[in-house]
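Scroll down for the structure; my scribbles are underneath it.
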């Protein structure tokens with residue numbers, strides 16, 4: 001793999017992190033916004049690595065290093081724009097760990113499954129958090145985590161759009177009922193978000209379901 005591929009991915013992540021830092025500086029009271037920029041912006045890294053044909057021998061170590069950095073940042077809060085959300089959450093570390101597992105399990109033989117898991121988490125959960133907080137709607141509390149109709153609906157619709165897009169790109173087979181089942185699974189796992197554990201369970205659940213959904 002040529003060096004420009006790694007540089008392109010590094011530039012993308014630098015842009016995402018720079019945007020989050022700029023957002024925190026511009027709107028210091030909007031703690032969740034800067035974190036969601038990182039959350040959403042990280043998702044496209046896997047499709048980008050797929051297009052650039054980054055091998056697992058490089059992708060996995062890079063993901064492990066990034067996850068370790070996320071853990072260090074969570075422990076010492078070196079970059080508040082990424083971690084400081086005013087609640088006890090290990091979501092960023094779980095997100096990195098999920099990407100590591102997806103790369104190990106799927107990257108060599110089924111990168112579409114890894115991309116499905118990460119993109120549903122990145123866009124579905126990311127937009128659900130932003131829109132759910134911005135638009136008032138009936139809400140409930142599950143395991144001390146507030147959920148809303150608008151946020152949950154956003155998660156469901158975004159998950160369906162992401163999965164349909166990947167099906168079209170990969171020219172895979174699709175049974176609508178199976179798509180509905182995987183979207184329901186993603187929404188259900190996202191509801192159980194205590195300590196940010198959904199950042200691990202949603203990507204793994206969707207990725208493991210991808211082959212079944214497109215069989």
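In the numbering used here, the protein residues as written are 1 to 215.
For glycine and all other residues, C-beta sits at the position ideal for the given N, C-alpha and C.
Tell me residue i's beta-bridge partners as DSSP assigns them.
{"i": "residue 146", "result": "141"}
Only counting the same chain, and skipping five residues up and downstream in sequence, which positions put a Cβ closer than 6 Å to that of residue i?
{"i": "residue 159", "result": "120, 124, 183 and 186"}
{"i": "residue 173", "result": "214"}
{"i": "residue 126", "result": "36, 39 and 40"}
{"i": "residue 155", "result": "124, 128, 187 and 190"}
{"i": "residue 178", "result": "213"}
{"i": "residue 79", "result": "73"}
{"i": "residue 137", "result": "148, 149 and 150"}
{"i": "residue 170", "result": "112"}
{"i": "residue 28", "result": "none"}
{"i": "residue 142", "result": "191"}
Using C-beta distances below 7 Å, list every residue in its chain close to residue i, excluding the 5 sequence neighbours before and after it, in chain order.
{"i": "residue 199", "result": "91, 94, 95, 98 and 121"}
{"i": "residue 100", "result": "60, 63, 64 and 67"}
{"i": "residue 56", "result": "103, 107 and 108"}
{"i": "residue 45", "result": "9, 12 and 13"}
{"i": "residue 146", "result": "139"}
{"i": "residue 50", "result": "111 and 115"}
{"i": "residue 165", "result": "none"}
{"i": "residue 167", "result": "174 and 214"}
Quick one: is residue i buried, meaning 16 or more other Cβ sit within 10 Å of its Cβ, or exposed?
{"i": "residue 34", "result": "buried"}
{"i": "residue 196", "result": "buried"}
{"i": "residue 203", "result": "buried"}
{"i": "residue 201", "result": "buried"}
{"i": "residue 175", "result": "exposed"}
{"i": "residue 216", "result": "Absent from the structure is residue 216, since the part of the chain shown begins at 1 and ends at 215."}
{"i": "residue 163", "result": "buried"}
For residue i versus residue j, is the C-beta distance shorter than 8 Å?
{"i": "residue 60", "j": "residue 9", "result": "no"}
{"i": "residue 76", "j": "residue 48", "result": "no"}
{"i": "residue 52", "j": "residue 89", "result": "no"}
{"i": "residue 161", "j": "residue 150", "result": "no"}
{"i": "residue 144", "j": "residue 194", "result": "yes"}
For residue i, collect the residues of the same chain with a Cβ closer than 8 Å to its Cβ; drop the 5 residues on either side in sequence, then sort them by chain order.
{"i": "residue 43", "result": "118, 119, 121, 122, 123 and 126"}
{"i": "residue 181", "result": "209 and 213"}
{"i": "residue 16", "result": "37, 38, 41 and 42"}
{"i": "residue 19", "result": "37 and 41"}
{"i": "residue 211", "result": "110 and 113"}
{"i": "residue 157", "result": "none"}
Can you find at least 3 beta carbon pairs, one from the region 67-76 and one from the region 21-35, that sit closer than 8 Å? For the pair of segments examined, the region 67-76 was found not to touch the region 21-35: the number of CB pairs separated by less than 8 Å stays below three.
With a threshold of 8 Å, are at least 3 pairs of Cβ atoms found where one atom belongs to the region 100-120 and the other to the region 195-207? Output reads yes: the region 195-207 touches the region 100-120.
Quick check: the region 130-142 against the region 94-113, are at least 3 beta-carbon pairs closer than 8 Å? The region 94-113, when compared against the region 130-142, does not touch it at the 8 Å Cβ threshold.
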